[in-house]
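To start, the structure itself, in structure tokens.
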Amino acid sequence: MTAKRFSAILLVTVSILLNLGCGQFSEKKDNITGLWNFRGNGGDDNSLEESAYLNLREDNTYTFYQPYYFDYGHWTFKDKKIRLVSERKKILYKKEWTLDVVDREKDLLKISYPFADEWLKLPGLTGTDAMEKIKYTVHKNIFLERNNVQFSADNDPFSIAHSQWRIRPDHKETCQEIQQRVLGTTKHLCLLFSQYNRSEVSNVSWQHSPNPFILGSNGVAMQGRDHIATAWVNTFYDEENAAAAYDLLSSLFKEDIDVPIHFKKYSEMWVSLLGQMDSIGRQKSLCDDSKPVVREKE
2 MTAKRFSAIL
12 LVTVSILLNL
22 GCGQFSEKKD
32 NITGLWNFRG
42 NGGDDNSLEE
52 SAYLNLREDN
62 TYTFYQPYYF
72 DYGHWTFKDK
82 KIRLVSERKK
92 ILYKKEWTLD
102 VVDREKDLLK
112 ISYPFADEWL
122 KLPGLTGTDA
132 MEKIKYTVHK
142 NIFLERNNVQ
152 FSADNDPFSI
162 AHSQWRIRPD
172 HKETCQEIQQ
182 RVLGTTKHLC
192 LLFSQYNRSE
202 VSNVSWQHSP
212 NPFILGSNGV
222 AMQGRDHIAT
232 AWVNTFYDEE
242 NAAAAYDLLS
252 SLFKEDIDVP
262 IHFKKYSEMW
272 VSLLGQMDSI
282 GRQKSLCDDS
292 KPVVREKE
């Protein structure tokens, strides 16, 4: 082999290695599918940001939560841009969102988020729409960190099918509608904790799943009314509907529920307790009238 030919091969090899090592990654969608947590640009004390997430599913549907705004629709990934097209009936912020993928390092995506430039210029939300106002600081440069547990297509608590309870209604709901909404919460939590039970992860997180429960080492209880997460209250039409939902869930604690004694993880116990509550709520009306009971959506 001549010296010139060897040099040419060496240059090509070095070029390939440099490209592989400088944040290059395939644009196949399976490289970015899954549940991603938002992380800010430099350690702000921003507790609301912890609840923000983006869930990109294999079927190209997504759910997206920026406290307190929940969005859903279809996504594409091309030219290092994640494009989200909303299917909300009432658009309060944007019909289309774009997140530019600047770099990737294992389970971390560095994102340039153009919406940050628009956010402060948008008019304020009024009336009950204000319950969906984005409250946390929106950064121009952010990171998306892959969640420590991922979910199968059929049992994804962050899918649109299992996020119906997050879609805030456009009218004051009846007791039966509220019952269906609260059972969406219990079903969501059951799916969430079930996957943690099957995983090797020791730290169980429900930061993306607002709820009115105390989840403790000895069981499940209701939070005091004055301590309910605003994010959960804001999934209802108004505070009155949220109070009615609290009463419905509280009534389930009066039912005959078996408390498991032996379990390997606390989340295993929570699935058992919440699962029983969910099952009871789907078998009978929790309301004070004779209207039809709630049926889980197919």
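When you read off a place in the sequence shown, starting at 1, and then add 1, the result is the number in this note's numbering.
Even for Gly, the Cβ is constructed at its ideal location relative to N, Cα and C.
As the structure is a prediction and not an experimental result, all values here were calculated from the model.
Under a 10 Å Cβ-count criterion, Q208 is classified as exposed, with fewer than 16 other Cβ atoms of the shown protein chains found around its own Cβ. When only Cα atoms are considered, H163 and L275 end up about 15 Å apart. Taking every protein chain shown into account, the CB of D60 has fewer than 16 other CB atoms within 10 angstroms, so this residue is exposed.
Our two residues, V102 and Q177, have alpha carbons roughly 43 Å apart in a direct line. Pairing K90 with T236, the inter-Cα distance amounts to about 15 Å.
Look at H228 here: in three-state DSSP terms it is helix. Taking C-beta atoms as the reference points, Q180 and L123 fail to come closer than 8 Å. By the Cβ neighbour-count rule, A246 is buried, with 16 or more other Cβ atoms within 10 Å of its own. In the three-state reduction of the DSSP assignment, V183 falls in the helix class. Between R147 and W166, the beta carbon gap of about 25 Å keeps them out of contact (Cβ cut-off 8 Å). Apart from sequence neighbours up to five positions away, the residues of its chain that approach Q67 with a beta-carbon distance below 6 Å are A53, I135, ordered along the chain. Taking a contact as a CB-CB distance under 8 Å, the pair P211 and Q224 does not count as one, their CB atoms being some 11 Å apart.
Residues T62, Y63, T64, F65, S87, E88, R89, I161, S164, I168 of the same chain have their beta carbon placed closer than 8 Å to that of Y73, with the five preceding and five following residues left out of the count. DSSP places F65 inside the beta strand (DSSP E), whose first and last residues are 62-67.
With respect to the C-alpha of I262, the residue from S252, S273, F254 having the closest C-alpha is S273. R105 carries a strand assignment under DSSP once its states are collapsed to helix, strand and coil.
In the structure shown, W271 falls within a helical segment according to DSSP collapsed to helix, strand and coil.
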